[in-house]
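Student: Residue numbers (our numbering): 856 to 976.
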Ligand SMILES: [Zn+2]
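(1) Please determine, among 924, 965, 862, the residue with the shortest C-alpha to C-alpha distance to residue 873.
(2) For residue 959, verify whether its CB is less than 7 Å away from any heavy atom of ligand 1.
(3) So for residue 959, helix, strand or coil by DSSP?
(4) Are residue 913 and residue 875 closer than 8 Å when you measure CB to CB?
(5) Please find out if some non-hydrogen atom of ligand 1 comes closer than 7 Å to the beta-carbon of residue 944.
(6) Give every residue of the same chain whose Cβ lies closer than 8 Å to the Cβ of residue 878, excluding the five residues on either side of it in the sequence, and list them in chain order.
(7) What does the Cβ neighbour count give for residue 956, buried or exposed, with the cut at 16 atoms within 10 Å?
(8) Shorter than 7 Å, the distance from the beta carbon of residue 968 to the closest heavy atom of ligand 1, or not?
(9) Near residue 966, what residues of its chain come up, given a Cβ to Cβ distance below 6 Å and the 5 sequence neighbours on each side ignored?
(10) Cα-Cα, which of 974, 975, 943, 953 is closest to residue 962?
(11) In angstroms, rounded to a whole number, what distance separates the CA positions of residue 939 and residue 947?
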């Protein structure tokens with residue numbers, strides 16, 4: 856993968872990450888509008904506790920997406936991004952542009968989905 860493509864994908868991941876956290880922060884603010892008594896306590900929280908609280912306000916699916924984004928960013932750091940976890944082949948850039956958090960090449964993704972359907976049946 857070209858460095859430029861990697862940079863673009865990283866930007867995409869970071870944007871999506873910021874959007875998710877922003878959504879969480881906004882929904883938290885709406886909570887405060889109802890429970891203003893909690894505001895004083897909130898000021899005493901450490902930043903770590905606060906960011907954990909933000910993540911908790913995310914819906915389960917959003918939390919999962921956030922974790923996948925973090926994993927993808929981690930793989931970028933390690934230089935393992937864009938490689939299939941099953942066969943080590945490069946995942947096509949086209950596919951990564953649509954699914955920046957993809958961990959499997961198209962062949963193995965399809966196998967995985969077949970397996971999932973099999974177990975779900
Ligand atoms: Zn593969």
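Beta carbons: idealized from backbone N, C-alpha and C, even for Gly.
Tutor: Looking at the atomic coordinates:
(1) 924
(2) yes
(3) coil
(4) yes
(5) yes
(6) 913, 917
(7) buried
(8) no
(9) none
(10) 943
(11) 10 Å
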